[in-house]
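Asker: Let me give you the structure first, and then I'll get to my questions.
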Amino acid sequence: FRLVLSEFLLDEIATALAGPKLQPLIGWTPERIARFVLELRAFCDVVEPAELNFEYPRDPDDVPVLATLIGGGADWIVTGDGDLLALREQYPIESPAEFLRRL
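So the sequence shown is numbered by the working numbering: it starts at 8 and just counts up by one.
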């Protein structure tokens, strides 16, 4: 497997890890989060998102995720995000459970 991310997604990961939902669970310091993102960057393929000329009103922040899928030539987006999962008829998007069953 090849993990494909963009700078946008790396920033989103750092923000989520420092945010109110995950921070109480993981308790990582800002330095630990920065180190994790740096290690993740070294492990994955960081790609330039494709140019997409459409808006997604359910969650505009999901457009860069789709652009990363296309720009990176990825086979799937694996996510628990309901707004992205709503697009599974148009794009190859699976929940983590569906992806694990595929393995």
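Ideal Cβ placement from N, Cα and C applies to all residues, glycine included.
Note that the structure is a prediction, hence the values are computed from the model and not measured.
So does the segment 100-108 actually touch the segment 31-46, counting three or more Cβ pairs closer than 8 angstroms?
Answerer: no
Asker: In whole angstroms, give me the CA-to-CA distance for residue 16 and residue 72.
Answerer: Each residue's Cα considered, the two are about 7 angstroms apart.
Asker: Quick check: the Cα distance between residue 41 and residue 60, rounded to an integer number of angstroms?
Answerer: 32 angstroms
Asker: Between the alpha carbons of residue 54 and residue 48, how many angstroms are there, rounded?
Answerer: 11 angstroms
Asker: On the DSSP letters alone, give me the boundaries of the alpha helix (DSSP H) that residue 50 sits inside.
Answerer: 37-50
Asker: Helix, strand or coil, according to DSSP, for residue 12 in the structure here?
Answerer: Residue state for residue 12 is assigned as strand, using DSSP reduced to three classes.
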